[in-house]
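One structure is given below, encoded as structure tokens.
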Amino acid sequence: MKNMNKKQSEISKQSREKTNYKVLSNVLIILILSVPLTSFLSMTWSNYNIWKITILSFLATVQSLLIALILWEIIAKKSFAEELLLLSSISSNINKSGIEYVYVNFLEIDWREVLERANELTVVMTYGKTWRDSNRDALEKFHNEGGRIKIYLPDFHYDEISDELDRRFSYEKGKTKSLIHDTCEAFCDLNADIFYYKGTFQNSYYLVDDISYMSFFNHHKEKKTVPAIKAVKGGTIYSYVSDEIAAISKNSVKRQGDVG
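Take any residue in the sequence shown, note its place counting from 1, add 33, and you have its number in our numbering.
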């Protein structure tokens, strides 16, 4: 079957090439014949002939169109086809990825709207103070309406983890531990399921039912905006986020009792 399709494709390609050669040949013949005809009419007809200007203008227009057609067939058509193939390939890749939107700034996401009709929110973050404070009302509303929250945080009980994060964010020793502790307390108030991961994260993930959000860390000492990708279930990005969360979950322990 594959060989048959390949053969048909080759035949179709050869047929198109033959058609292109025929078109170019006919165009060149007409163009070549039109040049002496123009010269002949220009020399033999008197300037007082009422048809001279009209016919010569017509022939000049035809010649311009023929030259443009030749240039299109030889140069532009191939480039145009290549551009279409490239755009088609990009479009296909985007469709497979499931990407629905790319935010220039993660803070542009309207979490109140995102959580409006959601049932479950799963978050993987280092501490997310800005996100948590900015969306406190939306998170409380989500919780009060029966939404379930699950959050994964670096296990700040291990000094090597909190020390590594302090170095990454250029914080004084112990600051990251304090920030993660505050996040735990905040989500305890929302009856969230809190899990400690023995390690650090390279990205932040947010899974809201059938939609995923992935944001990135920056390596600047000062605060910088970071982009975020929104993707829907069924695409490769959603699958990637879901798989990452599953892997993180396997290496995490659920918080028991009071935050410590």
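Glycine included, each C-beta is placed from N, C-alpha and C at the ideal position.
Chain-order list of residues whose beta-carbon lies under 7 Å from that of residue i (same chain, five-residue window excluded)
| i | result |
| --- | --- |
| aspartate 243 | Val265, Lys266 |
| isoleucine 281 | Val157, Tyr185, Tyr230 |
| phenylalanine 202 | Thr209 |
| glutamine 41 | Note on glutamine 41: pLDDT 43, under 50, position unreliable in the model; the coordinate value appears next. Cβ within range, chain order: n/a, list empty. |
| arginine 165 | Thr216, Ala219 |
| glutamate 133 | Lys263, Ala264, Val265 |
| asparagine 188 | Going by the sequence as given, residue 188 is aspartate instead of asparagine. For aspartate 188, where only same-chain residues beyond five positions count, the Cβ hits under 7 Å are Ile194, Tyr229, Tyr230, Lys231. |
| tyrosine 191 | Lys231 |
| tryptophan 144 | Asn168, Ala171 |
Within-7 Å CB hit, residue i to chain C
| i | result |
| --- | --- |
| cysteine 221 | Although the question refers to chain C, the structure presented lacks it and comprises just one protein chain. |
Contact under 7 Å by Cβ, residue i with residue j
| i | j | result |
| --- | --- | --- |
| tyrosine 230 | valine 274 | no |
| phenylalanine 139 | valine 241 | no |
| serine 195 | threonine 216 | no |
| alanine 219 | isoleucine 182 | no |
| glycine 131 | isoleucine 262 | no |
| phenylalanine 234 | threonine 159 | yes |
| lysine 162 | leucine 223 | no |
Opposing strand residues paired with residue i [DSSP bridges]
| i | result |
| --- | --- |
| asparagine 284 | DSSP, once it has assigned bridges, lists no residue as partnering asparagine 284. |
| asparagine 236 | Phe249 |
| arginine 181 | Glu153 |
| tyrosine 230 | Pro187, Ser285 |
| lysine 263 | Tyr134, Tyr246 |
| valine 95 | According to DSSP, valine 95 bridges with nothing at all. |
| valine 241 | Leu154, Ile244 |
Spatial neighbours of residue i in its chain, beta-carbon cut-off 8 Å, leaving aside the 5 residues before and after
| i | result |
| --- | --- |
| isoleucine 278 | Thr155, Val157, Tyr185, Tyr238, Leu240 |
| valine 135 | Pro260, Ala261, Ile262, Lys263 |
| lysine 206 | Asp196, Asp199 |
| lysine 257 | Asn251 |
| serine 284 | A small correction: the amino acid at residue 284 is asparagine; serine does not occupy that position in the sequence shown. Closer than 8 Å at the Cβ level, and outside the excluded window around asparagine 284, lie Tyr230, Lys231, Gly232. |
| glycine 180 | Leu148, Ala151, Asn152, Glu153, Leu154 |
Contact set for residue i: own chain, Cβ-Cβ below 6 Å, skip 5 residues either direction
| i | result |
| --- | --- |
| arginine 288 | Ile227 |
| valine 286 | Tyr229 |
| glycine 268 | Ser130, Gly131 |
| phenylalanine 175 | Leu148 |
| asparagine 321 | The structure shown does not extend to residue 321, since the chain is modelled only from 34 to 293, so the question has no answer here. |
| serine 245 | Ala264, Tyr271, Val274 |
Discussion item. Just to confirm the assignment: which complete alpha helix (DSSP H) runs, minimum length 4, are found wholly within the region 117 to 169?
Written reply: 144 to 148, 162 to 167
Practice prompt. Count the C-beta pairs between the region 165 to 174 and the region 141 to 150 that are closer than 8 Å, then say yes if the count reaches three, no if not.
Written response: yes
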